[in-house]
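Colleague:
Protein chains: 2
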Amino acid sequence: MKVAVKVRLKKSILDPQGKTVHNALLHLGFHDIKDVRIGKLIELTIDDSKSRDEVLQMVEEASHSLLANPVIEDFEIEVEEEDQ
Amino acid sequence: MKVAVKVRLKKSILDPQGKTVHNALLHLGFHDIKDVRIGKLIELTIDDSKSRDEVLQMVEEASHSLLANPVIEDFEIEVEEEDQ
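Chains as they are written, first to last, in our numbering: chain A, 1 to 84; chain B, 85 to 168.
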């Protein structure tokens with residue numbers, strides 16, 4: 001099973017990397033882009049023997065404990081590819 | 085309109101950051117996680133006056149010219165939030 005964890009900076013947190021990319025896009029002429037935020041797309045491949053619920057619970061735990069920093073980031077879990 | 089560009093390393097490219105996170109997860113006891121790949125989730129807010137097709141074409145251009153490095157990365161465009 002493939003599961004994606006989307007990790008985004010919380011709305012209240014400044015994103016200097018996104019700001020820099022936004023400025024570069026404006027310089028290239030992409031004036032219709034009003035904002036850019038850059039997060040992480042963490043894709044996990046997980047042992048097929050687990051049930052969907054077990055996998056989701058495990059990924060939630062992994063996200064809390066390591067993948068996202070709860071002080072400045074939010075995360076969202078998405079199943080990308082189911083087994084059978 | 086909100087559009088996400090998912091930027092992933094090509095399959096043939098090693099991902100040392102993903103490998104490190106994978107090792108850390110194994111140390112924490114997440115033995116069912118078989119692989120970790122880390123990409124970027126670039127979220128763009130775009131002027132509402134554009135049509136969906138115009139937006140998608142512009143984001144494709146921006147991805148080619150700046151957001152992704154075509155030598156080592158692939159990208160995928162996803163509309164997250166439509167206007168109206």
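Even for Gly, the Cβ is constructed at its ideal location relative to N, Cα and C. Treat the numbers as computed from the prediction; the structure is a model and nothing was measured.
1) I need the straight-line Cα distance from M142/B to D116/B, nearest angstrom please.
2) Could you say which of L93/B, L140/B, S135/B lies nearest to D167/B if we only look at CA atoms?
3) Output, in sequence order along the chain, the residues in the region 6-21 of chain A whose CB is closer than 9 Å to any CB in chain B.
4) Counting only beta-carbon atoms, is A152/B nearer than 9 Å to chain A?
5) So L28/A contacts chain B; which residues on that side make the cut at Cβ distance below 8 Å?
6) Considering only C-alpha positions, which residue in the set G18/A, S65/A, V71/A, E73/A is nearest to H111/B?
7) Rounding to the nearest angstrom, what Cα-Cα distance links M1/A and V91/B in this structure?
8) Name the one or two DSSP bridge partners that R92/B has.
9) Going along chain B, which residues have a C-beta under 9 Å from V79/A?
10) DSSP puts L164/B in a beta bridge; with which residues?
11) Per DSSP, V36/A is paired with what?
12) Put K2/A into one of helix, strand or coil per three-state DSSP.
13) What does the alpha-carbon distance come out to for the pair P70/A and I156/B?
14) Could you check the C-alpha separation between D47/A and D131/B for me, to the nearest Å?
15) Under the three-state reduction of DSSP, which class applies to N153/B: helix, strand or coil?
16) Is it right to say D99/B is buried, meaning 16 or more other beta carbons lie within 10 angstroms of its own, or is it exposed?
17) Could you have a look at K134/B and say whether DSSP puts it in helix, strand or coil?
Modeller: Considering the structure as presented:
1) Here residue 142/B corresponds to residue number 58 of the second sequence, with the count starting at 1. Here residue 116/B corresponds to residue number 32 of the second sequence, with the count starting at 1. Rounded to the nearest angstrom, the two C-alpha atoms are 40 Å apart.
2) Start at 1 with the first residue of the second sequence, and residue 167/B comes out as number 83. Closest by alpha carbon: S135/B.
3) K6, V7, R8, G18, V21
4) Locating residue 152/B in the second sequence gives position 68, counting from the first residue. A152/B does not count as touching chain A.
5) In the first sequence, counting from the first residue as 1, residue 28/A sits at position 28. Going along chain B in sequence order, the residues near L28/A (Cβ under 8 Å) are A146, S149, L150.
6) Sequence index remark: in the second sequence, residue 111/B carries index 27 (1-based). Comparing Cα positions, the closest option is S65/A.
7) By 1-based counting over the first sequence, the position of residue 1/A is 1. By 1-based counting over the second sequence, the position of residue 91/B is 7. Answer to the nearest angstrom: the Cα atoms are 20 Å apart.
8) Within the second sequence, the letter at position 8 stands for residue 92/B. R92/B pairs with D158/B.
9) Counted from its first residue, the first sequence places residue 79/A at position 79. Those within 9 Å of V79/A in chain B number zero; the least Cβ separation is about 14 Å.
10) For the purposes of this step, residue 164/B is identified with residue 80 of the second sequence, where counting begins at 1. The sequence given here has Glu at residue 164/B, not Leu. BP columns for E164/B are empty, so no partner.
11) Locating residue 36/A in the first sequence gives position 36, counting from the first residue. The partner list for V36/A (beta bridge, DSSP) reads L128/B.
12) Taking the first residue of the first sequence as position 1, residue 2/A is located at position 2. If DSSP states are grouped into helix, strand and coil, K2/A belongs with the strands.
13) In the first sequence, residue 70/A corresponds to position 70, counting from 1. In the second sequence, residue 156/B corresponds to position 72, counting from 1. Take the alpha-carbon of P70/A and the one of I156/B: they are about 30 Å apart.
14) As a position in the first sequence, residue 47/A is number 47, starting the count at 1. As a position in the second sequence, residue 131/B is number 47, starting the count at 1. One C-alpha to the other measures close to 42 Å.
15) The count along the second sequence starts at 1 and reaches residue 153/B at position 69. N153/B: coil per DSSP, three-state reduction.
16) The residue given as residue 99/B occupies position 15 in the second sequence. Per the 10 Å Cβ criterion, buried.
17) The residue you call residue 134/B lines up with position 50 of the second sequence. Reduced to three states, the DSSP call for K134/B is coil.
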